[in-house]
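> Below is one structure. I have some questions about it.
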Amino acid sequence: MKQEAHNPTATAGGATQTFGTEGIAPMDRPSLVTRVLMGTVAWAEKLNLKYSKVGNPPVYDNTTFPWVAEIEREWPLIRAELEKVLVRQADLPSFQDISTDVKTISTDTGWKTFFLAGYGLTSEQNIRQCPETWRIVQKIPGLKTAMFSIFEPGKHLPAHRGPYNGVLRLHLGLIVPEPRDKLAIRVDKQICHWEEGKALVFDDAYNHEAWNHTDKTRVVLFVDFVKPLRFPANLVNWLLLNIAVFTPFIREGLDNHKEWEKRFYAQAEALRNSKAAG
């Protein structure tokens, strides 16, 4: 959710994607390399809108992606693995502890995560905890990110846009508390409600916000996948997404996650050893 220093707009089927987030200041005096990269991303985003194979709505009809039904069918297996992860919910990292650029929109501990994969980087130890979830998400063409996204009671993520429109996002409802009217996500002008076992596919390059005003935790399986595009946008998109792995904020996120993993699994091992000794 890295923010950019430019703020042009493009129209996509009647809705507008704004290349920047209102109310969030751009970075101070970006370097030449950063300015070139940002200009390239802005050019690529316009290509992605023009050459999309699936249109550019803020929220998609699930039938656009036939594999969504397969993911929904197996949701109880994902939910079962999530329950084991939540035993140590208090020890899970806040999103901004892993991806520091998220601090522009979230600074409290109300948004926790459990990463399986992100932009070519995988967490082997977390995957071992959730083998069925990992097997299931392999059915998603162009998978880029997979994690559990955990909203604590009272969490409100302010309006923002994602860093790049070359991917689309899927939320699979896993734990969705009542009442329904206090828990939602707004994408552009559409307000959507999660449902357990049901997928929501949307383009996070549109302005969006999410909230959990209930007194219970909300959890979704959070997935980013490559947007289906025609040539030449598909080639440019492939290049940018593969280059992204080497950018500082992705590498920093990897380092942060490795440090968290060491602490998390060392604590688990110490607990097992103390129980064995007792």
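Residues 199 to 476 in this note's numbering are what the sequence shown lists, from first letter to last.
Built from N, CA and C at the ideal position, the CB exists for glycine as well.
Using the three-state DSSP reduction, which class does ASP422 fall into: helix, strand or coil?
Translated into the one-based positions of the sequence shown, residue 422 becomes position 224. Correct three-state label for ASP422: strand.
> Alpha helix (DSSP H) containing THR331: first to last residue?
Taking the sequence shown and counting its residues from 1, one reaches residue 331 at position 133. 329 to 335 is the span of the alpha helix (DSSP H), which, as asked, contains THR331.
> Just curious, the beta strand (DSSP E) that ARG277 is in, first and last residue?
Against the sequence shown, residue 277 aligns to sequence position 79. It is not in any beta strand (DSSP E) - ARG277 instead sits in the alpha helix (DSSP H) that spans 273 to 283.
> So, at 6 Å on beta carbons, what are the nonlocal neighbours of ALA315 in its own chain, with the 5 sequence-adjacent residues on each side left out?
The sequence position of residue 315 within the sequence shown is 117, counting from 1. Counting only Cβ-Cβ distances below 6 Å, and skipping sequence neighbours, we find ALA344.
> Provide the residue span of the alpha helix (DSSP H) that contains ASN260, from first to last.
Walking along the sequence shown from the start, residue 260 turns up at place 62. That residue, ASN260, is in no alpha helix (DSSP H); it is neither H nor E in DSSP.
> Report the residue from PRO255, LEU290 and ARG326 whose alpha carbon sits nearest the alpha carbon of GLU279.
On the sequence shown, residue 279 is found 81 positions in, with the first residue counted as 1. Minimum Cα distance to GLU279 is reached at ARG326.
> Please classify LYS337 as buried or exposed, where buried requires at least 16 other C-beta atoms within 10 Å of its C-beta.
Here residue 337 corresponds to residue number 139 of the sequence shown, with the count starting at 1. LYS337 should be labelled exposed.
> Look up ARG416 in the DSSP assignment and give the residues it is bridged to.
Working through the sequence shown from its first residue, we reach residue 416 at position 218. In DSSP, ARG416 forms a bridge with PHE349.
> Run through DSSP, which three-state label would GLY316 get?
Taking the sequence shown and counting its residues from 1, one reaches residue 316 at position 118. Residue state, collapsed to three classes: strand.
> State the CB to CB distance for the pair GLY352 and VAL418, rounded to an integer number of angstroms; the pair is presumed to be in contact (CB under 8 Å).
Position 154 of the sequence shown, counted from the first residue, corresponds to residue 352. Position 220 of the sequence shown, counted from the first residue, corresponds to residue 418. About 17 Å separates the two Cβ atoms, so there is no contact after all.
> Counting Cβ pairs, one atom from each stretch, are 3 or more of them under 8 Å apart for the region 373 to 381 and the region 391 to 405?
At 8 Å Cβ cutoff, the stretches touch.
> Could you check the C-alpha separation between HIS204 and PRO274 for me, to the nearest Å?
By one-based count along the sequence shown, residue 204 stands at place 6. By one-based count along the sequence shown, residue 274 stands at place 76. In this predicted model, HIS204 has a pLDDT of only 38, less than 50, meaning its place in the structure is not dependable; the value taken from the coordinates is given anyway. Between HIS204 and PRO274, the C-alpha separation is close to 43 Å.
> Does DSSP put LYS396 in a helix, in a strand, or in coil?
For this step, residue 396 is matched to residue 198 along the sequence shown. Three-state result, LYS396: coil.
> GLU350 and THR302 - do their beta-carbons sit closer together than 8 Å?
What you label residue 302 is simply residue 104 of the sequence shown in a count that begins at 1. What you label residue 350 is simply residue 152 of the sequence shown in a count that begins at 1. Contact flag unset, no.
> For the beta strand (DSSP E) containing VAL365, name the first residue and the last one.
Walking along the sequence shown from the start, residue 365 turns up at place 167. 365 to 373 is the extent of the beta strand (DSSP E) around VAL365.
> Is PRO430 buried or exposed, if buried means 16 or more other CB atoms sit within 10 Å of its CB?
In the sequence shown, counting from the first residue as 1, residue 430 sits at position 232. Counting Cβ neighbours within 10 Å, PRO430 comes out exposed, since fewer than 16 surround it.
> How is the beta strand (DSSP E) around ILE296 delimited, first residue to last?
Reading the sequence shown from its first residue, position 98 is the one you call residue 296. Not the beta strand (DSSP E): ILE296 falls in the alpha helix (DSSP H), residues 293 to 296.
> Decide if TRP241 is buried, meaning its Cβ has at least 16 other Cβ atoms within 10 Å, or exposed.
Within the sequence shown, residue 241 is the residue found at index 43, counting from 1. It counts as exposed.
> Starting from the Cα of ALA311, find the closest Cα among ALA464, ASN454 and GLN465 and give me that residue.
Position 113 of the sequence shown holds residue 311. Here the sequence assigns Thr to residue 311, which means Ala is not the residue at that position. When only C-alpha atoms are compared, the closest one is ASN454.
> Starting from LEU381, trace the beta strand (DSSP E) both ways and give me its first and last residue.
Walking along the sequence shown from the start, residue 381 turns up at place 183. It spans 381 to 385 - the beta strand (DSSP E) in which LEU381 sits, taken as one unbroken run.
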